[in-house]
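Asker:
Structure follows, in structure tokens:
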């Protein structure tokens with residue numbers, strides 16, 4: 014009997030003690046979802062659960078639970094006064110204004126709700142804390158091209174390339190797909206990706222995550238030298254879309270064929286651009302060597318050579334060694350602005366007159382220049398034959 018009376022007394026006391034509570038564990042926000050950079054209101058419903066009691070001077074404070082929460086959220090208004098909450102079951106809503114910091118990362122953040130009140134006949138305030146109320150922040154993913162090995166390529170080449178991407182945003186991107194855009198008119202005939210196509214699935218990327226993409230990048234033989242900006246499109250769940258670019262330079266190939274001619278004691282080095290790329294600021298030099306002595310200048314600037322162009326540089330040389338191999342140095346600037354140096358060899362026979370390339374032996378005989386001079390003399394004599402005949406007849410008449 015005493016035990017039953019004790020239990021009844023405890024229940025009666027609990028009914029008469031003023032009790033307040035919040036209805037849910039998740040904080041209610043004015044806008045849903047909440048993103049970094051947002052300024053919004055947070056609502057916390059407060060209910061009087063004390064039977065037959067009133068709560069006076071009710072004050073509610075929203076407190077970040079840890080440094081992570083305080084770093085993500087700035088409290089613009091963290092205290093709300095609700096006045097009196099009468100009767101059992103009555104409810105008021107506390108309202109707080111907060112700002113989500115722009116660098117806040119996606120996730121759940123925890124807050125405590127401190128409720129301070131007093132009874133009707135008491136000036137002493139009591140505080141009840143509601144722990145671990147959750148504020149969910151939805152981040153914004155931002156995927157960028159972090160780096161690429163794709164820089165300078167040449168026509169008719171296959172290049173193993175790597176592309177690095179990073180999620181620099183505050184949210185997770187899911188089911189992400191990367192597409193390297195080669196469908197543009199200026200690119201689809203010049204470039205292609207061998208193997209699995211131009212799309213790559215990279216799955217999900219959390220804030221700060223990085224991923225690598227490997228592919229074989231083929232350059233067509235007809236690709237025009239220049240700078241290309243290749244678009245990279247990233248798509249993902251929830252209509253995510255962003256675009257970046259990879260810069261690539263098609264430098265082309267530059268090569269030279271050389272030959273020589275001996276004209277009136279001068280040694281002419283003939284240079285032809287047999288590559289597909291323009292060579293700028295071309296310089297031909299004869300370096301110091303054992304078999305030949307160079308009289309006068311050993312270097313000549315011949316300017317720019319487009320593909321197929323041909324020009325000459327004149328030198329004075331004397332044979333002094335046993336070998337007939339002449340070393341020729343060619344320097345030029347490619348379309349990317351890089352300076353190059355090539356060393357080539359000519360087999361020179363200075364005992365005869367003629368032309369010679371670096372890929373076939375010197376054949377001797379009458380040079381092309383000699384034939385041209387003879388042909389020019391013949392043409393001149395044909396067109397001037399009447400004057401010549403008249404002059405000859407006059408000359409005979411004078412002798413008589």
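In this note's numbering, the protein residues as written are 14 to 413.
Yeah, the Cβ is synthetic: ideal placement off N, Cα and C, and Gly gets one too.
#1: Could you pull the start and end residues of the beta strand (DSSP E) that residue 267 belongs to?
#2: Between residue 49 and residue 113, is the Cβ-Cβ spacing less than 8 Å?
#3: What does the alpha-carbon distance come out to for the pair residue 155 and residue 181?
#4: From 247, 223, 134, pick the residue whose C-alpha is nearest to that of residue 190; which is it?
#5: Taking 8 Å as the cut-off, does the region 290–303 touch the region 205–214 (at least 3 CB pairs, one atom from each stretch)?
#6: Going by beta carbon distance, what residues of the same chain come within less than 6 Å of residue 106, once the five residues before and after it are set aside?
#7: Taking 8 Å as the threshold (C-beta atoms), are residue 124 and residue 75 in contact?
#8: Just the C-alpha distance for residue 218 and residue 224, rounded to the nearest angstrom, thanks.
#9: Could you check what DSSP says for residue 72 in three-state terms: helix, strand or coil?
#10: Pair every Cβ in the region 155–168 with every Cβ in the region 246–263, then say whether three or more of these pairs are closer than 8 Å.
#11: Determine the burial state of residue 326: buried for a count of at least 16 other Cβ atoms within 10 Å of its Cβ, exposed for fewer.
#12: Can you tell me which of 315, 252, 144, 118 puts its alpha carbon nearest to the alpha carbon of residue 220?
#13: Per DSSP, which residues does residue 143 bridge with? Please list them.
#14: Compare the C-beta of residue 114 against all C-beta atoms of chain C and say whether one is closer than 8 Å.
#15: Tell me the residue span of the beta strand (DSSP E) that contains residue 239.
#16: Which of the three DSSP states, helix, strand or coil, is assigned to residue 182?
#17: What three-state label does DSSP hand residue 211 in the structure shown?
#18: Using 10 angstroms around the beta-carbon of residue 314, count the other beta-carbons present and answer buried if the total reaches 16, otherwise exposed.
Answerer: Reading from the atomic positions:
#1: From DSSP, residue 267 is part of no beta strand (DSSP E); its letter is neither H nor E.
#2: yes
#3: Their backbone Cα atoms lie some 5 Å apart in a straight line.
#4: With distances taken between Cα atoms, residue 190 lies closest to 247.
#5: no
#6: 56, 58
#7: yes
#8: 8 Å
#9: In the displayed model, residue 72 falls within a strand according to three-state DSSP.
#10: yes
#11: buried
#12: 118
#13: Looking at the DSSP assignment, residue 143 forms a beta bridge with 126.
#14: Any reference to chain C falls outside this structure, which holds one protein chain only.
#15: 239–249
#16: coil
#17: coil
#18: exposed
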